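Every letter in the sequence shown is one number past the one before it in numbering that gives the first Met the number 0, and letter 73, counting from 1, is 72.
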Amino acid sequence: MKIAKLEAHVVQEGWRNLVLVKVLTDEGLSGIGEAYSCGPDLATIEVVRDFESWLVGEDPRNIEHLWQKLYIDSRFPGGSVTMAAISGIEHGLWDIQGKALGVPVWQLLGGRCRDRIRVYQGIGGSTPSECADQAVRLIERYGYTAVKMSPYGPRGFELPENANLREAEKRIEAVRRAVGEDVDIGVDAHARIIEPVRVVQLARVLEPYRPMFLEEPLRPENIPALAEAKREMRIPLATGEMLYTKYQFHELLRHRAADIIQPDLCIAGGLLECRKIAAMAEADYVTVAPHNPMGPLATVVNVHYAASIPNFFILEYIPDDQGPRSEFLRQPLKVEKGYLPLPTGPGLGVELNEEVFAKHPYRPWHRSFAKRHDGGVAFI
0 MKIAKLEAHV VQEGWRNLVL VKVLTDEGLS GIGEAYSCGP DLATIEVVRD FESWLVGEDP
60 RNIEHLWQKL YIDSRFPGGS VTMAAISGIE HGLWDIQGKA LGVPVWQLLG GRCRDRIRVY
120 QGIGGSTPSE CADQAVRLIE RYGYTAVKMS PYGPRGFELP ENANLREAEK RIEAVRRAVG
180 EDVDIGVDAH ARIIEPVRVV QLARVLEPYR PMFLEEPLRP ENIPALAEAK REMRIPLATG
240 EMLYTKYQFH ELLRHRAADI IQPDLCIAGG LLECRKIAAM AEADYVTVAP HNPMGPLATV
300 VNVHYAASIP NFFILEYIPD DQGPRSEFLR QPLKVEKGYL PLPTGPGLGV ELNEEVFAKH
360 PYRPWHRSFA KRHDGGVAFI
């Protein structure tokens with residue numbers, strides 16, 4: 000069996016694009032994957048197209064070898080666009096391998112460690128009461144045992160630090176009262192904080208409400224600074240969505256800078272690379288809560304991954320039963336009482352619904368340009 004062609008599609012799912020990859024072989028088998036939507040999504044498409052000439056004629060079942068070829072022969076360590084392309088292609092190789100052998104991908108990764116995958120969803124809300132109401136609605140609809148929220152209101156960038164701390168306490172207090180004592184509440188700071196000491200201040204405000212974790216309080220460039228904050232915190236620190244490959248996660252783990260890591264399988268290197276990252280974390284007693292803000296195919300890839308690693312904690316999830324994303328897979332996974340089932344078909348166990356792609360064409364997008372109260376660029 001040889002790789003004959005690579006295809007890449009960009010579809011618009013609402014506020015951002017999804018980048019979908021397809022690997023075709025000379026024997027009729029094909030595999031699908033999802034690359035991270037970095038913002039310059041057409042750049043990711045061009046990297047996939049360039050990699051086609053590297054891979055045509057290769058055996059798609061030599062997954063480790065082909066990953067090394069794409070990563071090492073790119074010469075410089077891959078940034079977000081290159082790693083997104085590699086990750087999406089790698090998913091497709093696993094899909095082909097599973098189809099060729101007639102087994103689910105999670106079986107190839109070591110078999111299942113669990114029967115179902117616990118998920119959580121992020122909640123919005125401009126006010127504490129709106130956050131609480133949305134949390135209750137989502138729990139009633141999907142049966143979640145955990146939700147995630149921002150500690151900041153819509154004017155968070157404009158407020159003095161003490162005002163932000165008071166607002167954070169009001170928001171988590173309202174959600175805790177609404178959902179009760181047994182539902183877990185993750186708090187995502189979205190890398191808005193600059194000084195490690197302010198991370199500690201926020202953690203102490205949140206601590207009485209027993210959050211599941213405080214996510215990404217600082218940007219990832221200075222891991223020792225993150226470790227400094229973690230040493231003073233009494234709640235779990237989660238981070239890793241902006242890190243790629245085992246090499247960057249090695250630095251995070253070496254500095255003992257996280258209790259929970261959050262690799263994104265659509266940009267960190269794919270299934271096998273993230274399997275290695277999970278094994279490194281396991282040795283340090285660190286759990287894994289994958290970052291998963293992308294499409295329904297990314298969710299399926301994450302479910303195979305979560306099923307196969309012993310130190311999985313919880314998976315980020317966006318429901319696939321509404322909007323354009325409900326059309327992109329022929330049979331998307333459905334959450335049941337806060338959990339997703341394991342796919343049982345060969346490979347990833349799902350198919351793209353390519354007929355609908357033309358209805359949702361690419362549109363340029365970027366994250367909001369956040370400013371602080373003085374006009375300076377805000378971290379996000």
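We put the beta carbon where it would ideally sit given N, CA and C, even for glycine.
From a predicted model like this one, the values you see are computed outputs, not experimental measurements.
Starting from residue i and walking both ways along the alpha helix (DSSP H), at which residues does that stretch end?
i, result
"Val80", "79-100"
"Phe368", "Phe368 -> no alpha helix (DSSP H), and no H or E assigned at all."
"Ile222", "222-231"
"Glu57", "Note, Glu57: premise wrong, no alpha helix (DSSP H); not H, not E."
"Ala278", "270-282"
"Ile171", "160-178"
"Leu107", "104-107"
Using DSSP with H/G/I as helix, E/B as strand and the rest coil, what is residue i?
i, result
"Asp49", "helix"
"Arg324", "helix"
"Ala306", "helix"
"Phe388", "Since the first residue of the chain shown is 0 and the last is 379, residue 388 is not available in this structure."
"Ser73", "coil"
"Ser128", "helix"
"Tyr141", "helix"
"Trp290", "Just to set this straight, residue 290 is His in the shown sequence, not Trp. It is coil, neither helix nor strand."
"His64", "helix"
"Val334", "coil"
"Leu296", "helix"
"Val118", "strand"
"Ile317", "coil"
"Lys4", "strand"
"Phe356", "helix"
"Ile259", "strand"
"Glu194", "coil"
"Pro214", "A small correction: the amino acid at residue 214 is Glu; Pro does not occupy that position in the sequence shown. In this structure, Glu214 counts as strand in the three-state DSSP scheme."
"Leu242", "coil"
"Val285", "coil"
The beta strand (DSSP E) spanning residue i covers which residue range?
i, result
"Pro340", "338-340"
"Asn16", "16-24"
"Lys147", "145-148"
"Leu236", "236-238"
"Val186", "183-187"
"Glu157", "Counting along the chain, Glu157 falls outside any beta strand (DSSP E), and DSSP gives it neither H nor E."
"Ile31", "29-34"
Write down the C-beta distance between residue i and residue j rounded to the nearest angstrom, noting that I regard them as a contact closer than 8 Å.
i, j, result
"Gln261", "Glu240", "5 Å"
"Leu270", "Leu108", "7 Å"
"Ile383", "Pro292", "In the structure as shown, the chain begins at 0 and stops at 379. Residue 383 is therefore absent and cannot be evaluated."
"Ile95", "Leu28", "5 Å"
"Glu215", "Ala188", "6 Å"
"Pro289", "Asn301", "5 Å"
"Arg165", "Cys130", "15 Å between Cβ atoms; not a contact."
Leaving out five residues before and five after residue i in sequence, what residues of the same chain have Cβ atoms less than 6 Å from its Cβ?
i, result
"Glu231", "Val199"
"Ala305", "Ile116, Phe311, Leu314"
"Pro235", "Phe212, Asp258, Ile259"
"Lys1", "Asp25, Gly56"
Report all residues from its chain with a CB closer than 8 Å to the CB of residue i; omit the five preceding and five following residues, and keep chain order.
i, result
"Lys370", "Phe156, Val376, Ala377"
"His254", "Ile222, Pro223, Leu225, Ala226"
"Asp320", "Pro331, Lys333"
"Gly346", "Gly30, Trp93, Asp94, Ile95, Gln96, Gly97, Lys98, Pro103, Val104"
"Glu250", "Ile222"
Can you list, in chain order, the residues of its chain with a C-beta nearer than 7 Å to that of residue i? Leave out the 5 residues immediately preceding and following it.
i, result
"Asn163", "Tyr151, Gly155"
"Thr434", "Here the chain covers residues 0 to 379 and nothing more, so residue 434 does not appear."
From the beta carbon of residue i, is the nearest beta carbon of chain B less than 9 Å away?
i, result
"Ile234", "Here chain B cannot be found, since the structure has a single protein chain."
* For the 8 Å Cβ check, are there 3 or more pairs between the region 105-123 and the region 138-146? -> Enough Cβ pairs lie closer than 8 Å, so yes.
* Asked: At a cut of 8 Å, does the region 359-375 reach the region 0-11 through at least three beta carbon pairs?
  -> yes
* To do: Flag this pair as touching only if the region 49-60 and the region 320-330 have three or more C-beta atom pairs under 8 Å; answer yes or no.
  => no
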